[in-house]
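Scroll down for the structure; my scribbles are underneath it.
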Amino acid sequence: MRKPKNWNQPCPNTECQSYGLMNKGNISAISTYLTQSGKRRIFKCCDCGTTFSETRDTVFFDLKTHEDKVMMALKMILVKVGLSGISFVLEVKVETVLEWLDRAYKKADEINVTLLKELSVTEVQLDEMWSFVKRKVSKKAGVAIESNDECDDGRQWIWVSYAPEFRLIVAMVVGPRTFKTALLLIQITASVILGVPCFFSDGFSCYLPALIEYYYKIKTFEKTGKPGRPRNPVKEPHEDLVYGQVVKKRKKGRILEITYRIVCGAERFIKSGLKISTTLLERLNLTIRQSLAPLGRKTLSFSKNRENLNKQVVFFQVFYNFTRPHMSLREKSAETDNLFERKYVSRTPGMAAGITNHVWTFRELLTMKFDYSP
Ligand SMILES: [Zn+2]
5 MRKPKNWNQP CPNTECQSYG LMNKGNISAI STYLTQSGKR RIFKCCDCGT
55 TFSETRDTVF FDLKTHEDKV MMALKMILVK VGLSGISFVL EVKVETVLEW
105 LDRAYKKADE INVTLLKELS VTEVQLDEMW SFVKRKVSKK AGVAIESNDE
155 CDDGRQWIWV SYAPEFRLIV AMVVGPRTFK TALLLIQITA SVILGVPCFF
205 SDGFSCYLPA LIEYYYKIKT FEKTGKPGRP RNPVKEPHED LVYGQVVKKR
255 KKGRILEITY RIVCGAERFI KSGLKISTTL LERLNLTIRQ SLAPLGRKTL
305 SFSKNRENLN KQVVFFQVFY NFTRPHMSLR EKSAETDNLF ERKYVSRTPG
355 MAAGITNHVW TFRELLTMKF DYSP
């Protein structure tokens, strides 16, 4: 048998002492088998004897379809081709495309959970953009009014939190334009970044209370000596919390006036030298609009459509963070410093944030494995 090598394959057997461990020398390649997508390796864990295919725990596991077709469908989802278009071009059922999207979403979620953590970020921009699933309500719904939780009028909002210094999408969720979804966005963001960054958003009123739920100090009230119950302690913004808003007044879609205001943490904001801005996030929103086609289906319920849209945006998030080099993130190559022949190294947001060391291929996005030992 060949000497154990680093195959980037963890042992999948939960009973094994090496379960989830990667590149510890316990995994050997023992044979190959031929699929219609080409040769695939079979691995064996030397500690427990479990054998498994290299496609185990990837998007392609146990699929009869050629990998290229699956990848093409998933790429089309990211370049604004609708479900029926993909179904027509590739001659597969819409349900099949949705099943592949589900697999891609699960891998994307695993990538996020594994790599997006303890990020050192100085600034976070927050925004929510609408996307209509049911066409007929789009005319009626009109401007951005804050909707309630059960809002079922066909409006879907895509929420984004973005770290402009790395061009990194920190979190992306789909939900109604309510406090509850704002809270979810802040919760995911707060759980993956270190410390308290500066937050900037539009004038939407729900971000401040949502931020205070995660970045707060408790204010207690002294007994006044007067009769009656003493006041209950309340949450106040944490002294490190900086939150600024860019408020745009519009008339018939045209911007009349832009106001910048610091909602809390003015002193720390001035020290930070940052500017209140959501410009880069607005540019990202345009990219999102140019990339994602609405996946809504008349045959599915509103909540099912919302679920599919959520899968699509999370998949877009990892695609954006790990496979797309960003022009503004490229670095001068150390190899040459000839002014006329300056070479650059492409970098993705993930590389800028220091959570990966290379530009991922699209296939890597669907097959990446991680050490998941407890
Ligand atoms: Zn094992």
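Under our numbering, the first residue of the sequence shown is numbered 5, with each subsequent residue one higher.
Note that the Cβ used here is the ideal one computed from N, Cα and C, for glycine as well.
Give the range of the beta strand (DSSP E) segment to which M176 is assigned. Within the sequence shown, residue 176 is the residue found at index 172, counting from 1. Looking at the DSSP string, the run of the beta strand (DSSP E) that includes M176 is L172 to G179.
Among H362, K256 and W104, which has the Cα closest to the Cα of Q316? By 1-based counting over the sequence shown, the position of residue 316 is 312. Answer by Cα proximity: W104.
Nearest to D51 by alpha carbon, out of C15, I34 and E261? Numbered from 1 along the sequence shown, position 47 holds the residue referred to as residue 51. If we check each option's Cα against that of D51, C15 comes out closest.
CB H330 to CB A356, shorter than 9 Å? As a first step, residue 330 is located in the sequence shown; it is residue number 326 there, counting from the start. As a first step, residue 356 is located in the sequence shown; it is residue number 352 there, counting from the start. In this structure, A356 lies closer than 9 Å to H330 by Cβ.
Does any heavy atom of ligand 1 sit closer than 8 Å to the C-beta of T182? Translated into the one-based positions of the sequence shown, residue 182 becomes position 178. Flag unset: Cβ of T182 not near ligand 1.
Report yes if the CB atom of L333 is closer than 9 Å to the CB atom of R351, and no otherwise. Counted from its first residue, the sequence shown places residue 333 at position 329. Counted from its first residue, the sequence shown places residue 351 at position 347. Their beta carbons are under 9 Å apart, which means L333 touches R351 by this criterion.
For V174 versus L245, is the C-beta distance shorter than 9 Å? Reading the sequence shown from its first residue, position 170 is the one you call residue 174. Reading the sequence shown from its first residue, position 241 is the one you call residue 245. Going by C-beta atoms, V174 is not nearer than 9 Å to L245.
Which of helix, strand or coil DSSP assigns to R139: Within the sequence shown, residue 139 is the residue found at index 135, counting from 1. Confidence at R139 is low in this model, with a pLDDT of 48, below 50, so its placement is unreliable and the value that follows should be read with caution. In the structure shown, R139 sits in coil (DSSP, three-state: anything other than H, G, I, E or B).
Quick check on DSSP: helix, strand or coil for A167? For this step, residue 167 is matched to residue 163 along the sequence shown. Of the three classes helix, strand and coil, the one that applies to A167 here is strand, per DSSP.
Thinking C-alpha only, which one of R258, N116 and A270 is nearest C202? One-based indexing of the sequence shown puts residue 202 at position 198. Selected option, being the one with the closest Cα: A270.
Any residues whose CB sits closer than 7 Å to a heavy atom of ligand 1? List them in chain order? C15, N17, C20, S22, Y23, N30, C49, D51, C52 and T54
Reduced DSSP secondary structure (H/G/I, E/B, other) of P241: Taking the first residue of the sequence shown as position 1, residue 241 is located at position 237. In this structure, P241 counts as strand in the three-state DSSP scheme.
Going by the CB atoms, is the gap between V164 and M133 shorter than 9 Å? Residue 133 sits at position 129 when you count from the first residue of the sequence shown. Residue 164 sits at position 160 when you count from the first residue of the sequence shown. Contact: yes.
When you compare only the Cα positions, how much space is there between L215 and S305? Position 211 of the sequence shown, counted from the start, is the residue given in the question as residue 215. Position 301 of the sequence shown, counted from the start, is the residue given in the question as residue 305. Approximately 32 Å, taken between the alpha carbons.
Based on DSSP bridge pairs, tell me the residues matched to A33. Along the sequence shown, read from residue 1 onward, the residue named residue 33 stands at position 29. The partner list for A33 (beta bridge, DSSP) reads F47.
Under DSSP, the beta strand (DSSP E) around Y220 begins and ends at which residues? Taking the sequence shown and counting its residues from 1, one reaches residue 220 at position 216. Counting along the chain, the beta strand (DSSP E) containing Y220 begins and ends at Y220 to K223.
Does the contact criterion of 3 or more C-beta pairs under 8 Å hold for the segment 230-248 versus the segment 256-274? yes
Residue(s) in a DSSP beta bridge with R254: Taking the sequence shown and counting its residues from 1, one reaches residue 254 at position 250. DSSP lists I259 as partners of R254.
Does the pairing of the segment 232-243 with the segment 204-211 give three or more beta-carbon distances under 8 Å? no
Contact under 9 Å by Cβ, F319 with F366: The residue labelled residue 319 in the question sits at position 315 within the sequence shown. The residue labelled residue 366 in the question sits at position 362 within the sequence shown. No, the pair does not count as a contact, with Cβ atoms beyond the cut-off.
Report the three-state DSSP secondary structure of E114 (helix, strand or coil). Start at 1 with the first residue of the sequence shown, and residue 114 comes out as number 110. In this structure, E114 counts as helix in the three-state DSSP scheme.
Let me check one thing: in DSSP terms, what residues is W39 bridge-paired to? Counted from its first residue, the sequence shown places residue 39 at position 35. The identity of residue 39 in the sequence shown is Thr, whereas the question assumes Trp. Answer by DSSP bridge pairing, in chain order: G42.
Measuring straight from C-alpha to C-alpha, what distance separates E169 and E19? The residue labelled residue 169 in the question sits at position 165 within the sequence shown. The residue labelled residue 19 in the question sits at position 15 within the sequence shown. When rounded, the distance between both Cα atoms is 43 Å.
Below 7 Å CB to CB, which residues in the same chain sit around M76 once its five sequence neighbours on both sides are set aside? For the purposes of this step, residue 76 is taken as residue 72 along the sequence shown, with counting starting at 1. Once the five neighbours on either side are set aside, the close Cβ partners of M76 are L94.
Among the residues of its own chain, which have a CB less than 6 Å from the CB of G179, if the five just before and after it don't count? Within the sequence shown, the letter at position 175 stands for residue 179. Within the same chain, G179 has close Cβ partners T185.
What are the partner residues of L296, as DSSP defines its beta bridges? Here residue 296 refers to the residue found at position 292 of the sequence shown. Looking at the DSSP assignment, L296 forms no beta bridge with any residue, so it has no partner.
Applying the 10 Å Cβ sphere with the 16-neighbour rule, what's the burial state of S377? Reading the sequence shown from its first residue, position 373 is the one you call residue 377. When all chains shown are included, S377 counts as exposed.
Compute the Euclidean distance between the alpha carbons of S35 and K28, then round it to the nearest angstrom. Along the sequence shown, one-based indexing puts residue 35 at 31. Along the sequence shown, one-based indexing puts residue 28 at 24. Taking the straight line joining both Cα atoms gives about 20 Å.
Alpha carbon to alpha carbon, how far is K48 from N17? The residue labelled residue 48 in the question sits at position 44 within the sequence shown. The residue labelled residue 17 in the question sits at position 13 within the sequence shown. C-alpha separation (whole angstroms): 11 Å.
Let's test the definition: count the other Cβ atoms within 10 Å of the Cβ of A108 and tell me whether it reaches 16, buried, or not, exposed. In the sequence shown, the residue the question calls residue 108 occupies position 104. The residue in question, A108, is buried, as its Cβ has 16 or more Cβ neighbours within 10 Å.
Can you name, in chain order, every residue of its own chain whose Cβ lies under 6 Å from the Cβ of T371, other than the five neighbours on each side? Taking the sequence shown and counting its residues from 1, one reaches residue 371 at position 367. Hits under 6 Å: T62.
Going by C-alpha distance, which of M26, D66, T55 and I31 is nearest S41? Mapped onto the sequence shown, residue 41 falls at position 37. That would be D66, whose Cα lies nearest to the Cα of S41.
According to DSSP, is L130 helix, strand or coil? Counting from 1 along the sequence shown, the entry for residue 130 is found at position 126. Of the three classes helix, strand and coil, the one that applies to L130 here is strand, per DSSP.
If you run the structure through DSSP and keep just helix, strand and coil, what is I274? Against the sequence shown, residue 274 aligns to sequence position 270. Three-state result, I274: helix.
Strictly by DSSP, which residues pair up with I197? As a position in the sequence shown, residue 197 is number 193, starting the count at 1. Note: I197 sits in a beta bridge opposite L123.
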